[in-house]
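**Q** Okay, handing you the structure first.
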Amino acid sequence: MVGVGLIGTGFMGKCHAIAWNAVGTVFPDVAKPRLVHLGEINDELAKRKAGEFGFAKGSGDWRAVVNDPEVDIVSLTTPNQFHPEMAIAILEAGKHLWCEKPMAPGFAEARAMAAAAKKSGKVAALGYNYIQNPAIRHIGALLDEKIIGDVNLLRIEMDEDFMADPEALFFWKHEAASGYGALDDFAVHPLSLVSVLFGRVARVMCDMTKPYADRKLASGGRRAVETYDIASVLMRLENGVASTLLVNRSAWGRKGRIAIQIFGSKGSILYDQERMNEFQLYLTSDRPTEQGYRTILVAPHHKPYDAFVPAPGHGLGFNDLKMIECRELLTRLAGKPARIIDFDEGLEIERTVHAMARSFEEKRWVDVR
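Okay, so the sequence shown: first residue is 1 according to the UniProt record's numbering, each after it adds one.
Pasting the structure below:
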């Protein structure tokens with residue numbers, strides 16, 4: 001039985017805990033894990049969250065989780081700037097690692113994490129749960145079948161409005177220490193979808209924007225915003241497909257949108273993460289009198305939807321995708337092929353993001369490699 005440690009209990013920490021608690025029930029093909037040790041910033045919070053999340057013990061020092069001999073794998077869900085030190089320590093302690101994205105604010109740090117993973121020989125996976133969506137899996141299968149012919153254009157966007165309010169207070173995601181902003185906090189998710197559906201990005205041209213120059217401080221006064229909430233990128237994929245990527249953390253009305261438009265020689269496919277249990281398909285092979293976008297609802301024959309719900313159209317949610325990711329991770333731990341983005345593949349996403357940032361700074365097209 002796999003012993004689990006968890007460091008961090010915010011939004012994604014709770015998401016990981018839900019997945020670890022439920023994965024063996026939803027997917028009986030993997031052994032139920034044992035929730036061993038939870039780490040937080042102090043003992044009181046750690047013990048309270050351990051009780052809430054179902055962990056046997058909690059500690060106010062993350063190193064206690066890393067050094068616990070009963071822990072085989074650690075979920076790392078802390079803010080981005082803490083990933084490098086913690087991830088490397090986890091791997092050097094001989095533990096497997098499930099780390100939330102992005103890997104790190106700096107590319108050198110991400111590369112050091114990937115090197116530590118390779119040296120350790122342990123499984124090191126990144127939290128890209130959107131690739132697990134049965135709808136996305138089926139879109140990938142349709143592209144492999146060339147049902148819409150040869151793809152000639154990809155448009156992909158990600159928008160949320162959690163930074164849209166100009167009166168919202170300054171917080172850590174506005175600090176340069178957290179990264180570039182929407183580009184690495186956000187764009188890595190659509191780039192993970194590009195990776196599994198199309199492969200690597202070859203060249204980029206990027207522009208970034210700060211909609212609000214400064215933010216109020218809780219203590220009074222204002223502080224300059226150091227990150228960019230909006231990024232627009234032209235991309236050329238290694239397979240030659242022309243692409244655009246647009247990301248915005250200040251988009252009023254958008255809550256969790258990843259919009260994909262894929263255009264081919266024989267049709268097109270549309271998808272929106274805010275309607276994550278459906279996608280639209282247009283085929284030129286239909287009779288002209290009935291040509292138009294059809295809505296495909298996710299159903300039990302779109303695996304692994306059937307593990308959750310036996311009826312079509314009832315729908316999965318964000319936490320369910322994390323549960324599927326958890327099952328894939330446990331499958332990889334068992335030495336079997338699995339659909340995860342490991343640190344080597346994740347490093348390519350990070351490389352792409354940093355090439356975009358360099359393009360913005362140098363105001364030119366930049367080769368990713």
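Each residue gets a CB set at the ideal place from its N, CA and C atoms; glycine is no exception.
#1: May I ask you to report which of helix, strand or coil DSSP gives Asn-152?
#2: Restricting to Cα atoms, I'd like to know which of Ala-19, Val-233 and Thr-77 is closest to Glu-157.
#3: Kindly indicate which three-state DSSP category Ala-355 falls into: helix, strand or coil?
#4: Shortest alpha-carbon distance to Ile-41 belongs to which of Arg-34, Val-23, Leu-6 and Ala-242?
#5: For Lys-49, tell me which candidate among His-16, Val-66 and Glu-70 has the shortest Cα-Cα distance.
#6: With distances taken Cα to Cα, identify the nearest neighbour of Thr-284 among Gly-253, Arg-275 and Ser-268.
#7: Asp-43 to Glu-70, Cα distance in whole Å?
#8: In this structure, what does DSSP give as the bridge partners for Glu-278?
#9: Any heavy atom of the ligand ATP inside 7 Å of the beta-carbon of His-138?
#10: I believe Gly-10 touches Asp-161 by the beta-carbon criterion, under 8 Å. Please report the beta-carbon distance rounded to the nearest angstrom.
#11: Work out the CA separation of Phe-343 and Gly-121 for me, nearest whole Å.
#12: Check whether chain D comes within 8 Å of Gly-51, counting only Cβ atoms and requiring the distance to be less than that.
#13: Since Val-247 and Ala-164 are thought to touch, with beta carbons under 8 Å apart, how far apart are those beta carbons, to the nearest angstrom?
#14: Can you list, in chain order, the residues of its chain whose CB lies under 8 Å from that of Leu-191, leaving out five sequence neighbours each side?
#15: May I ask you to verify whether the segment 120 to 134 touches the segment 91 to 111, counting CB pairs closer than 8 Å and requiring at least 3?
#16: Whose C-alpha, out of Leu-142, Ile-88, Phe-198 and Arg-294, is nearest the C-alpha of Ser-243?
#17: Mind checking whether Leu-297 and Gly-317 have CB atoms under 8 Å apart?
#18: Could you give the DSSP three-state label for Ala-124: helix, strand or coil?
#19: Going residue by residue through the segment 20 to 80, where are the continuous alpha helix (DSSP H) segments of at least 4 residues, counting only ones entirely within it?
#20: Tyr-293 to Lys-303, Cα distance in whole Å?
#21: Consult DSSP for Thr-289 and reduce its assignment to one of helix, strand or coil.
#22: If we call anything under 8 Å between Cβ atoms a contact, is Leu-270 one with Ile-258?
#23: Taking Pro-134 as the reference, give the member of Ala-307, Pro-337 and Val-368 with the closest Cα.
#24: Tell me which residue opens and which closes the beta strand (DSSP E) that Thr-209 is part of.
#25: Taking the alpha-carbon positions, what's the Glu-274 to Gln-280 distance?
**A** Walking through what the data contain:
#1: As a first step, residue 152 is located in the sequence shown; it is residue number 152 there, counting from the start. The three-state secondary structure of Asn-152, taken from DSSP, is strand.
#2: By 1-based counting over the sequence shown, the position of residue 157 is 157. Per the Cα distances, Val-233.
#3: Your numbering for residue 355 matches position 355 in the sequence shown. The DSSP-derived three-state label of Ala-355 is helix.
#4: What you label residue 41 is simply residue 41 of the sequence shown in a count that begins at 1. Measuring from the Cα of Ile-41, the nearest candidate turns out to be Leu-6.
#5: Indexing the sequence shown from 1 puts residue 49 at position 49. Nearest of His-16, Val-66 and Glu-70 to Lys-49, Cα basis: His-16.
#6: On the sequence shown, position 284 is the one that residue 284 refers to. When each option's Cα is compared against that of Thr-284, the closest is Ser-268.
#7: As a first step, residue 43 is located in the sequence shown; it is residue number 43 there, counting from the start. As a first step, residue 70 is located in the sequence shown; it is residue number 70 there, counting from the start. Per the coordinates, the alpha-carbon of Asp-43 lies some 19 Å from the alpha-carbon of Glu-70.
#8: Reading the sequence shown from its first residue, position 278 is the one you call residue 278. Glu-278 pairs with Leu-297.
#9: Here there are no bound small molecules, and the ligand ATP is not part of this structure.
#10: Here residue 10 corresponds to residue number 10 of the sequence shown, with the count starting at 1. Here residue 161 corresponds to residue number 161 of the sequence shown, with the count starting at 1. The beta-carbon separation of Gly-10 and Asp-161, rounded to 19 Å, does not stay under the 8 Å limit for a contact.
#11: Counting from 1 along the sequence shown, the entry for residue 121 is found at position 121. Counting from 1 along the sequence shown, the entry for residue 343 is found at position 343. Rounded to whole angstroms, Gly-121 to Phe-343 spans 12 Å at the Cα level.
#12: This model lacks chain D altogether; it includes just one protein chain.
#13: On the sequence shown, residue 247 is found 247 positions in, with the first residue counted as 1. On the sequence shown, residue 164 is found 164 positions in, with the first residue counted as 1. That belief does not hold up - the Cβ atoms of Val-247 and Ala-164 are roughly 13 Å apart, past 8 Å.
#14: For the purposes of this step, residue 191 is taken as the residue at position 191 of the sequence shown. The residues Val-201, Leu-245, Ile-349, Thr-352 and Val-353, in chain order, have a CB closer than 8 Å to that of Leu-191 in the same chain once the five nearest residues on each side in sequence are set aside.
#15: The answer is yes - the segment 91 to 111 touches the segment 120 to 134, with three or more Cβ pairs under 8 Å.
#16: The residue you call residue 243 lines up with position 243 of the sequence shown. The shortest C-alpha separation from Ser-243 is found at Phe-198.
#17: Here residue 297 refers to the residue found at position 297 when the sequence shown is read from its first residue. Here residue 317 refers to the residue found at position 317 when the sequence shown is read from its first residue. In this structure, Gly-317 does not lie closer than 8 Å to Leu-297 by Cβ.
#18: If you number the sequence shown from 1, residue 124 lands on position 124. Strand, per DSSP.
#19: Scanning the segment 20 to 80 from its first residue to its last, the whole alpha helix (DSSP H) runs of 4-plus residues come out as 43 to 53 and 62 to 66.
#20: Numbered from its first residue, the sequence shown carries residue 293 at position 293. Numbered from its first residue, the sequence shown carries residue 303 at position 303. Between Tyr-293 and Lys-303, the alpha-carbon positions lie close to 23 Å from each other.
#21: Stepping through the sequence shown from its first residue, residue 289 is reached at position 289. Note: Thr-289 maps to helix in three-state DSSP.
#22: Numbered from its first residue, the sequence shown carries residue 270 at position 270. Numbered from its first residue, the sequence shown carries residue 258 at position 258. Inclusion of Leu-270 and Ile-258 in the CB contact set at 8 Å is not warranted, their separation being larger than that value.
#23: Numbered from its first residue, the sequence shown carries residue 134 at position 134. Distances from the CA of Pro-134 to each of Ala-307, Pro-337 and Val-368 were compared; the closest alpha carbon is that of Ala-307.
#24: The residue given as residue 209 occupies position 209 in the sequence shown. Counting along the chain, the beta strand (DSSP E) containing Thr-209 begins and ends at 201 to 209.
#25: By 1-based counting over the sequence shown, the position of residue 274 is 274. By 1-based counting over the sequence shown, the position of residue 280 is 280. Cα-Cα distance, rounded: 13 Å.
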